[in-house]
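Numbering-wise, the sequence shown is residues 2 to 295 according to our numbering.
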Amino acid sequence: MTNFAGAFTAMVTPFKPDGSVDFEGLRQNVEFQISNGISGLVPLGTTGESPTVGDDERAEIIKTVVETANNSVPVIVGTGTNSTRTTIEHTRQAKELGADAALIVNPYYNKPTQEGLFRHFRAVATKVDIPIIVYNIKGRTAVNVETSTMARFRGIKNIVGVKEASGDLKQMKDVIATMGPDFDVLSGDDNMTLDLMKAGGKGVISVISNLLPRQVSDMCSHALNGNWAEAEKINKYLAPMFKAAFIETNPIPIKTAMSLVGMPSGPLRLPMCELMPESLESLKQSMKAMGVLK
2 MTNFAGAFTA MVTPFKPDGS VDFEGLRQNV EFQISNGISG LVPLGTTGES PTVGDDERAE
62 IIKTVVETAN NSVPVIVGTG TNSTRTTIEH TRQAKELGAD AALIVNPYYN KPTQEGLFRH
122 FRAVATKVDI PIIVYNIKGR TAVNVETSTM ARFRGIKNIV GVKEASGDLK QMKDVIATMG
182 PDFDVLSGDD NMTLDLMKAG GKGVISVISN LLPRQVSDMC SHALNGNWAE AEKINKYLAP
242 MFKAAFIETN PIPIKTAMSL VGMPSGPLRL PMCELMPESL ESLKQSMKAM GVLK
């Protein structure tokens, strides 16, 4: 599968009270997503708390999502690290376990140059024959994948798209214009999804669709079909959650929201911690206003 369009869920990793992975809860979440029309699943990204997931857990999470999805929707596994060697290993593992694609974040902390970024992604794409979606999120990595660097990926056949979370709509539009219609540009920010799609983007890798997959999926479907009035209606409905889901660092609010409605999510792993009381109250009010929480 190399055509990625629509709403993809950046899945949370549910944990049990003792901090271990809740694999049954993960299966339930996958089934919930698929039954509500989501276009694809993205485990082990930022929202999935990938930095605090162990190697054995990583393999089991991939197996669980792939087996539960059972080829009904593509599974795009987060495999990126700030080590090219480790990223290759994670990406190879994801392919061997049945992933349809890999989402690879630009290396963080060590702050590579644009040339270093290009060589990093080229190395992974050369070593592992799997569709790759670049994940550009300067706010977490301190390095932006410039449009000129993206343009160099055009010669690498299995780099097929980008999750754009730069927060810069002009850059997103430049990437779309530079890369052409066969390159899948997906929003990495829920609140920018519709603006990006109006500019030619293909959809979103969404946080809030953990809670509201049907609505996010329908919004993207309407947008892809040119039904902008219907897409705008859903976007307006979702607006309070665009804010509430990021009132503190992702995935703290979305896991809290899921817990409030009885969905598998569980606690967070340190250094992530529970929502502060004032933020919790604000989240509850937003959910009540939307009719999500009674």
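For glycine and all other residues, C-beta sits at the position ideal for the given N, C-alpha and C.
Residue i versus the options, residue with shortest Cα-Cα distance
i      : options                           : result
LEU269 : THR257, ARG93 and ALA124          : THR257
VAL186 : LYS164, GLN172, LEU170 and LEU195 : LYS164
ALA100 : GLU116, GLY41 and MET264          : GLY41
ILE89  : ASP130, ILE63, ALA290 and MET151  : ASP130
TYR109 : THR148, THR47, ALA60 and LEU27    : THR47
LEU276 : PHE33, ILE206, THR87 and PRO252   : PRO252
VAL146 : GLU32, GLY26 and LYS112           : LYS112
VAL74  : SER36, THR87, GLY55 and GLU50     : SER36
VAL22  : PRO241, GLY55 and VAL31           : GLY55
LYS128 : ASN159, GLY292, SER218 and GLN29  : ASN159
ILE157 : GLU25, PHE122 and CYS274          : PHE122
GLY263 : GLY26, ARG155, SER218 and ASN4    : GLY26
GLY181 : ASN192, LEU170, ARG155 and MET193 : ARG155
ARG1   : ARG120, THR114, ALA124 and ASN30  : Here the chain covers residues 2 to 295 and nothing more, so residue 1 does not appear.
ASP57  : ALA8, HIS91, ASN72 and PHE33      : HIS91
ALA143 : GLU50, ASN83 and PHE119           : ASN83
Residue i: first and last residue of the uninterrupted alpha helix (DSSP H) it sits in
i      : result
GLU165 : GLU165 -> not in any alpha helix (DSSP H); beta strand (DSSP E) instead, spanning 160-165.
SER287 : 278-291
SER149 : 148-153
ALA245 : 229-245
ILE63  : 56-70
LEU225 : 214-225
SER36  : 24-36
Sub-8 Å separation of residue i and residue j beta-carbons
i      : j      : result
LEU239 : LEU213 : yes
VAL66  : PRO52  : no
ALA70  : GLY204 : no
GLY140 : VAL106 : no
ILE39  : THR10  : yes
ASP190 : ALA224 : no
THR1   : GLN172 : Since the displayed the chain opens at 2 and closes at 295, residue 1 lies outside it and no answer follows.
MET288 : LEU294 : yes
ILE209 : ILE255 : yes
ASN236 : MET259 : no
GLN29  : PRO265 : yes
GLY117 : GLY79  : no
CB-CB length for residue i against residue j, believed under 8 Å
i     : j      : result
LEU98 : ILE134 : Rounded, the Cβ-Cβ distance is 17 Å, inconsistent with contact.
ALA95 : ILE63  : 6 Å
Run of the beta strand (DSSP E) containing residue i, from where it starts to where it stops
i      : result
SER260 : No beta strand (DSSP E) holds SER260; the alpha helix (DSSP H) holding it covers 253-261.
GLY79  : 77-79
Is it the case that the region 244-251 contacts the region 213-231, given that we only count it when at least three CB pairs across the two stretches are under 8 Å? The region 213-231 is not in contact with the region 244-251.
Taking one C-beta from the region 183-203 and one from the region 13-26 each time, how about it: are there three or more such pairs within less than 8 Å? Using a C-beta cut-off of 8 Å, the region 183-203 makes no contact with the region 13-26, since fewer than three inter-stretch Cβ pairs fall below that distance.
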